[in-house]
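Read the structure below first, then the notes.
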Amino acid sequence: MSYDYSKIYFAKKRKWLCLIGSIVFVFLSIRYTKAAIYNGDNFHAVIFLFGVVFFILLTLAWLREILNKQPNIEVTEQGIVNRSMYQYNQLIEWQDINAFELRHYGQYMIIVHTKQPEKYLVQLKAMPHFIAYLNKMTCGQTIFLVLAGYDERTATIFMDYLQEQLTQFQAA
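Residue numbering for the sequence shown is 98 to 269, as defined by the working numbering.
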């Protein structure tokens, strides 16, 4: 049985666990906010209220991720469509790619070394732009393919698949 590496999806189980966890934290934050208000502790009430808002936003983000049916990473004839980081939806063209590098930062990521990283940086909205800027400061590159929920073996196989696709494009 062969696996189609042209479309990579994040693990559904992980998405559901994160959604359930964020919902639990919303209810805990609400409970502690009410208790702080009842006890007249306005300082902690404000802090817990920020927790409520934060975890509601996190819950909505995970719900959006679960309802999204598009693959997180898609390999096409034109290049790689990266939807693996929040709000990324960009095509990384084959002719701009130099190489791939696998790294582990709590989860596996493939760093895409490009000829013109700034070209892809200017396409991003504010938050993804900031994340990409931080990536560039720490790792020297702006484009990462996040392989959330995948082990080293699968990440290595996918990186080899990408390298094979790049070699085929360069040979054509």
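Beta carbons are placed, not taken as given, at the ideal position from N, Cα and C, and that holds for glycine.
Which same chain residues end up closer than 7 Å to residue i when comparing Cβ atoms and leaving out the 5 residues on each side of it in sequence?
i	result
asparagine 306	Any property of residue 306 remains undetermined from this structure, which presents the chain solely from 98 to 269.
glutamine 260	Phe197
threonine 235	none
With a CB to CB cut of under 6 Å and the five nearest residues on each side skipped, what residues in its chain are close to residue i?
i	result
glycine 137	none
leucine 63	Absent from the model: residue 63. The displayed extent of the chain is 98 to 269, so no value can be given.
lysine 233	Thr239
serine 126	Phe145, Gly148, Val149 and Phe152
methionine 256	Phe197, Leu199 and Ile207
proline 214	Thr239
Between the C-alpha atoms of residue i and residue j, what's the straight-line distance to the nearest angstrom?
i	j	result
glutamine 192	glutamine 175	9 Å
glutamine 167	phenylalanine 197	23 Å
glycine 237	lysine 212	13 Å
valine 219	histidine 226	7 Å
lysine 112	threonine 264	33 Å
isoleucine 117	tyrosine 202	24 Å
threonine 253	leucine 157	32 Å
histidine 210	asparagine 195	5 Å
glutamine 267	alanine 223	33 Å
arginine 242	lysine 131	Arginine is not the amino acid found at residue 242; the sequence shown has leucine there. Each residue's alpha carbon lies about 41 Å from the other.
leucine 160	valine 143	26 Å
leucine 114	valine 121	11 Å
Just confirm the distance between the C-beta atoms of residue i and residue j, as a whole number of angstroms; I'd bet it's less than 8 Å.
i	j	result
phenylalanine 152	valine 123	4 Å
tyrosine 205	leucine 244	4 Å
isoleucine 189	isoleucine 177	5 Å
tyrosine 102	tyrosine 247	With 8 Å as the limit, tyrosine 102 and tyrosine 247 do not qualify as a contact, their Cβ atoms being about 11 Å apart.
Does DSSP put residue i in a helix, in a strand, or in coil?
i	result
methionine 98	With a pLDDT of 44 at methionine 98, under the threshold of 50, the modelled position of that residue is not reliable, and no figure is offered here.
arginine 161	helix
tyrosine 205	strand
phenylalanine 241	strand
valine 123	helix
phenylalanine 147	helix
arginine 250	helix
lysine 216	helix
valine 221	One point to set straight first is that residue 221 is leucine, not valine, in the sequence displayed. Leucine 221 falls in the coil class under three-state DSSP.
threonine 173	coil
Within 8 Å of any Cβ in chain E, is that where the Cβ of residue i sits?
i	result
isoleucine 117	The displayed structure is made up of one protein chain only, and chain E is not part of it.
For residue i, which residues in the same chain have their Cβ closer than 8 Å to its Cβ, ignoring the five residues on either side in sequence?
i	result
histidine 141	Tyr129 and Ala133
glutamine 262	Val172 and Trp191
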